[in-house]
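Take a look at the structure below.
In this note's numbering, the protein residues as written are -11 to 423.
If you want it as structure tokens, here you go:
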């Protein structure tokens, strides 16, 4: 369907899985674009019977100057000689990095990074709180129509809240910043990890699309920043007493299996036994190593329904190893009184040493995980990951929500305006980095 009129300086092709005739949000977005850009010719290629979202006629591609899409692309740059901008309605572009348009052209690419932050942050906190507050156990009681007696309910006394815990954000982009904002409001300390150093106020700013009132625009939430592209720097970050690790880095050749056995050993040390939340891409995590680290918790009867860092230690592990870390705010006070407690500390160290001799060698484990992405997708029905009691799995839906369409079109509108004014576009992809 062709829309527009008057002097046609630009031709926008929209390839989307939404039916304009049935979706009011799409209708409103298109109406707004037509009003703001009256000379823009618009071709809307939507989902309808007999129409493919990937098989676009070549004659349509030839005249297009701006393409808005999830994944459909011209076969080559020669097929779209006028194309000057590709706006993706997704945050990631790993699914198109092997295409001729990505590899053999310099056509600017922009993503919709920033639109998913509020929705995904709520998913992250929802699954984390469900884990900490033993929601599986509570739902089991409900389905059994069971009101437990006092002794049974005492098991909930080990439920740990998030105040004073530490969130490590691996990839401090728009999603990581919104998760950090919510976590900070719940009393968590936040530390961030990025590929390149962020040592100045300017480098810490988020210059992409931001949903008003969300995120961390100035980059002031983290108490500490870490960076690097090598294992040494990554491991230094993972050693920082992390209780919850958010995986929000893009998938690139450099981040494939970024987290594996060695990294899980660092995260799974006592007393923290980190919880991992992956909302990025499945292959960033070595899933076999993840399964082993999570199964270790289950094998010790330490699951999301029976274990928190405040729980009694499992048999064979010392209580000292499972005590909560001291409040970071109180560390200075503890240091000032250490002289008068010297003898006690020596006794405690001896107890820890003796306990360590009898502890099992594989004493590291992860307390749990929330996975919105897996490797592969869909996750096979017979994959053992499904059955681990300390794992929550959802089918790559954490970013789906009622606001998706309007926010995706808002990014497109922003870049259409900037393009018309000759200004730098937002959310531009840097091909050398892969995102």
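We put the beta carbon where it would ideally sit given N, CA and C, even for glycine.
Item to check | Coarse secondary structure for residue 25, derived from DSSP in three states | outcome: For residue 25, the secondary structure class from DSSP, reduced to helix, strand or coil, is coil.
Item to check | Where the beta strand (DSSP E) containing residue 181 begins and where it ends | outcome: Secondary structure note for residue 181: its beta strand (DSSP E) is the uninterrupted segment 177 to 182.
Next on the checklist: Would you say residue 169 lies against chain C (beta-carbon separation less than 8 Å)?
Outcome noted: The structure shown contains no chain C; it holds only a single protein chain.
Item to check | Rounded straight-line distance, which links the Cα of residue 0 to that of residue 47 | outcome: If I take the Cα positions, the gap works out to 14 Å.
Checklist entry - Thinking C-beta only, is residue 235 closer than 8 Å to residue 272? => result For the 8 Å CB-CB criterion, residue 272 and residue 235 form a contact.
Checklist entry - Is the Cβ-Cβ distance between residue 197 and residue 59 less than 8 Å? => result Result no, Cβ atoms of residue 197 and residue 59 do not sit closer than 8 Å.
Next on the checklist: residue 103 and residue 399 - do their beta-carbons sit closer together than 8 Å?
Outcome noted: Taking 8 Å as the cut-off, the Cβ atoms of residue 399 and residue 103 count as close.
Item to check | Residue span of the beta strand (DSSP E) that contains residue 54, given as start and end | outcome: Residues 54 to 57.
Next on the checklist: Let's test the definition: count the other Cβ atoms within 10 Å of the Cβ of residue 159 and tell me whether it reaches 16, buried, or not, exposed.
Outcome noted: Residue environment for residue 159: buried (at least 16 other C-beta atoms within 10 angstroms of its C-beta).
Next on the checklist: Can you look up residue 213 in the DSSP assignment and give me helix, strand or coil?
Outcome noted: Correct three-state label for residue 213: strand.
Item to check | Cβ-based neighbour list, residue 169, same chain, cut-off 7 Å, excluding 5 preceding and 5 following | outcome: Taken in chain order, the residues that qualify are 202, 203, 204, 209.
Checklist entry - Given residue 87, which residues of its chain have a CB within under 7 Å of its CB, disregarding the five upstream and five downstream residues? => result Listed in chain order, the non-local C-beta contacts of residue 87 below 7 Å within the same chain comprise 61, local neighbours out to five positions each way being set aside.
Checklist entry - residue 3 and residue 41 look like a contact to me (Cβ under 8 Å); what is the Cβ gap, rounded to whole Å? => result At roughly 6 Å, the Cβ-Cβ gap stays under 8 Å, so residue 3 and residue 41 are in contact.
Item to check | Host beta strand (DSSP E) of residue 48 (start-end) | outcome: Boundaries for residue 48: no beta strand (DSSP E) harbours it, while the alpha helix (DSSP H) harbouring it runs 46 to 51, taken from the DSSP string.
Item to check | Start and end residues, alpha helix (DSSP H) containing residue 357 | outcome: Premise fails: residue 357 lies in the beta strand (DSSP E), 356 to 359, not in any alpha helix (DSSP H).
Next on the checklist: My parser needs the alpha helix (DSSP H) runs of 4 or more residues fully inside the stretch 88 to 123; what are they?
Outcome noted: Within the stretch 88 to 123, the complete alpha helix (DSSP H) segments at least 4 residues long are 88 to 91, 105 to 120, listed from N- to C-terminus.
Checklist entry - Once you ignore the five residues that flank residue 423 on each side, which residues in its own chain have a CB closer than 6 Å to its CB? => result Result list for residue 423: 238, in chain order.
Next on the checklist: Per DSSP, what are the beta-bridge partners of residue 32 in this structure?
Outcome noted: Under DSSP, residue 32 forms a beta bridge with 2.
Item to check | Cβ-Cβ distance between residue 74 and residue 95 below 8 Å | outcome: Their beta carbons are under 8 Å apart, which means residue 74 touches residue 95 by this criterion.
Checklist entry - Between residue 97 and the rest of its own chain, which residues show a CB-CB distance below 6 Å, the 5 nearest in sequence each way excluded? => result 74, 417.
Checklist entry - To the nearest whole angstrom, what separates the beta carbons of residue 267 and residue 374, a pair I think is in contact under 8 Å? => result No, residue 267 and residue 374 are not in contact; Cβ-Cβ is about 19 Å, not under 8 Å.
Checklist entry - Under the DSSP definition of a beta bridge, which residues are partnered with residue 74? => result When DSSP reads this structure, residue 74 sits in a beta bridge with 55, 97.
Next on the checklist: Which residues does DSSP list as the beta-bridge partners of residue 380?
Outcome noted: Bridge partners of residue 380: 358.
Next on the checklist: Using the Cβ count rule (16 or more neighbours within 10 Å means buried), how would you classify residue 39?
Outcome noted: Counting Cβ neighbours within 10 Å, residue 39 comes out exposed, since fewer than 16 surround it.
Item to check | Helix, strand or coil at residue 367 [DSSP, three-state] | outcome: Residue state, collapsed to three classes: coil.
Next on the checklist: Please identify the residue among 190, 225, 51 whose C-alpha is closest to the C-alpha of residue 156.
Outcome noted: Nearest of 190, 225, 51 to residue 156, Cα basis: 225.
Next on the checklist: Using C-beta distances below 8 Å, list every residue in its chain close to residue 5, excluding the 5 sequence neighbours before and after it, in chain order.
Outcome noted: Cβ neighbours of residue 5 beyond the five flanking positions: 34, 35, 41, 58.
Checklist entry - On the premise that residue 68 lies in contact with residue 49, defined as a C-beta separation below 8 Å, what is that separation, rounded to the nearest angstrom? => result Indeed, because the Cβ distance is near 5 Å, the residues count as touching under 8 Å.
Next on the checklist: Which runs of the beta strand (DSSP E) at least 3 residues long sit entirely within the stretch 234 to 290? Give them in chain order.
Outcome noted: Runs of the beta strand (DSSP E) lying entirely within the stretch 234 to 290 and spanning at least 3 residues, in chain order: 263 to 266.
Item to check | Rounded C-alpha distance that separates residue 274 from residue 206 | outcome: Going by the C-alpha atoms only, they are around 33 Å apart.
Checklist entry - Would the beta-carbon of residue 280 fall within 8 Å of that of residue 260? => result Residue 280 is not a Cβ neighbour of residue 260, given a cutoff of 8 Å.
Checklist entry - Whose C-alpha, out of 10, 26, 18, is nearest the C-alpha of residue -2? => result Comparing C-alpha distances from residue -2 to each of 10, 26, 18 shows the shortest one belongs to 26.
Checklist entry - Where does residue 404 land, buried or exposed, given buried means 16+ other C-beta within 10 angstroms? => result It counts as buried.
Checklist entry - Hey, residue 107 and residue 394 are a contact pair by Cβ (cut 8 Å); roughly how many whole angstroms apart? => result Between residue 394 and residue 107 the Cβ distance is about 12 Å, and since that is not below 8 Å, they are no contact.
Next on the checklist: I'd like to confirm the pairing. Which residues does DSSP put opposite residue 400 in its beta bridges?
Outcome noted: Answer is none; residue 400 lacks a bridge partner.
Checklist entry - Around the Cβ of residue 192, are there at least 16 other Cβ atoms within 10 angstroms (buried) or fewer (exposed)? => result It is buried - the Cβ of residue 192 has at least 16 other Cβ atoms within 10 Å.
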